[in-house]
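Reading through the structure tokens given below for one structure.
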Amino acid sequence: MIIEPKTRGFICLTAHPKGCEKNVLNQIEYIKSKPTKNGPKNVLVIGASTGFGLASRITSAYGSKAATIGVFFEKPPTEGRPASPGWYNSAAFETQAHKDGLYAKSINGDAFSHEIKAQTLNLIKKDLGKIDMLIYSLASPVRTHPDSGTRFKSVLKPIGDTFTNNTVDFHTGVVKEISIEPCSDEDIDNTVAVMGGEDWQMWIDLLMSENVLSEDFKTVAYSYIGPSLTEAVYRKGTIGRAKDHLEATAFKITDSLKAINGKGYVSVNKALVTQASSAIPVIPLYISLLYKVMKEEDIHEGCIEQIERLFNERLYAEDLQLDEAGRIRVDDWEMRDDIQAKVLELWKEATTETLPEIGDLEGYKTDFFNLFGFNVDGIDYDKDVDEMVAIPGLQE
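Mapped onto our numbering, the consecutive letters of the sequence shown carry residue numbers 237 to 632.
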């Protein structure tokens, strides 16, 4: 079939297998030239199919020849209907990894559930024995609690006051004001239940109790802080409360891993175009201005560059460079005073008319469509493509 992008709001409803494959192969080539000295050998990635999770799997496999197990929740293809992009990403990664003699297997299902945790545990025991790294990179908007069966849904709202600021519809380029009403206490609790650290802790507790974590084991979850511009709706809003909980969980995990000298970390990463960030008001306008500034300074990074730097300059280097709250910071270039000052100046000038000149809206749009395998250099989108792509190491 010929697959074209079909969008609804901040979501693309289709994905292109060849475009997704090319994206993955490009990331693999990038990492091949930047190996990780003394990197991980057996890695579990929770949320392994897109964004930072996918980049973490690629960096582990091709930076240090690690065996990887990926857990994700993706929609498989059916005749005449493409799969979700994460399905095609995982298929491309595993196909190439197997060609290159690397162990790579995947589990598709709800990572919050006891069933998927048990299936993953059994696979580790059967094939790897123990793991020395777990990456936690889930970005689900909903969670069904495995014990109570309660379904929680996260929300993106400010706490206390209505938030009003500018945003951009990146499809049309129209800059407009948006207001978001404040949350309820229940909204905060629900968002923490979905995006906080409870599930990360559950994974670690299970794997530790079953003795499948190796000596000096490391685990990392991903977070974001961002600038003053987005603070009210992000870091000081409902999602910020969830991130606070996630970051506090890292210390609890480290404490629970003392017997094996294990460590739990949170890595604060830079703002990037992801399926999740595209849904956050204000963020698309901020990112389009940030991209312009960082590209001019030649310090722009995508997911793969961020994770390569996390592995090579932080996790497996001598100096983690932890901040005052004990977090790893690879958002350091984004948050430089000179970068933020320039973005703030541009923000004051941003209108529908000025944005094409002062921002990088085209870069934002390209990155957005790249997530779904579109607008990728070297792909002929007028050609028929087989949507029925299998993931070779998928466990049933």
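For every residue, glycine included, the Cβ atom is placed at its ideal position computed from N, Cα and C.
No experiment lies behind these values; they were computed from the predicted model shown.
Alpha-carbon spacing of residue i relative to residue j, whole angstroms
| i | j | result |
| --- | --- | --- |
| I523 | E434 | 30 angstroms |
| M237 | L290 | 26 angstroms |
| G287 | T510 | 7 angstroms |
| M438 | D452 | 19 angstroms |
| A468 | I519 | 12 angstroms |
| N401 | I352 | 41 angstroms |
| N548 | M571 | 20 angstroms |
| Y266 | Y298 | 9 angstroms |
| L597 | F406 | 7 angstroms |
| I615 | G255 | 6 angstroms |
| A478 | A429 | 8 angstroms |
| T485 | H350 | 20 angstroms |
| G500 | G316 | 43 angstroms |
| D567 | R471 | 14 angstroms |
Nearest neighbour of residue i, chosen from the options [CA to CA]
| i | options | result |
| --- | --- | --- |
| K488 | E585, F399, I440 and P241 | I440 |
| I367 | L442, D421, E310 and G432 | L442 |
| Y372 | A457, L582, I416 and D491 | A457 |
| V612 | N262, K389, I543 and Q332 | N262 |
| L607 | Q542, L493, S285 and K479 | S285 |
| V260 | K341, T403 and I540 | I540 |
| N278 | D423, A333, S296 and Y470 | S296 |
Reduced DSSP secondary structure (H/G/I, E/B, other) of residue i
| i | result |
| --- | --- |
| L370 | strand |
| E549 | helix |
| V502 | strand |
| R563 | coil |
| T403 | strand |
| R572 | coil |
| T243 | strand |
| I535 | coil |
| C248 | strand |
| P253 | helix |
According to DSSP, residues forming a beta bridge with residue i
| i | result |
| --- | --- |
| T380 | R387 |
| E413 | N402 |
| L630 | S342 |
Minimum length 3: unbroken beta strand (DSSP E) runs contained in the region 424-464: The qualifying runs are 449-459.
Alpha helix (DSSP H) runs contained entirely in the region 304-345, provided each spans 4 or more residues: 321-335
Alpha helix (DSSP H) runs contained entirely in the region 478-525, provided each spans 4 or more residues: none
Segments assigned beta strand (DSSP E), at least 3 residues, entirely inside the region 268-310: 278-282 and 303-308
Start-end ranges of the alpha helix (DSSP H) lying completely within the region 577-629, minimum 4 residues: 591-594 and 597-606
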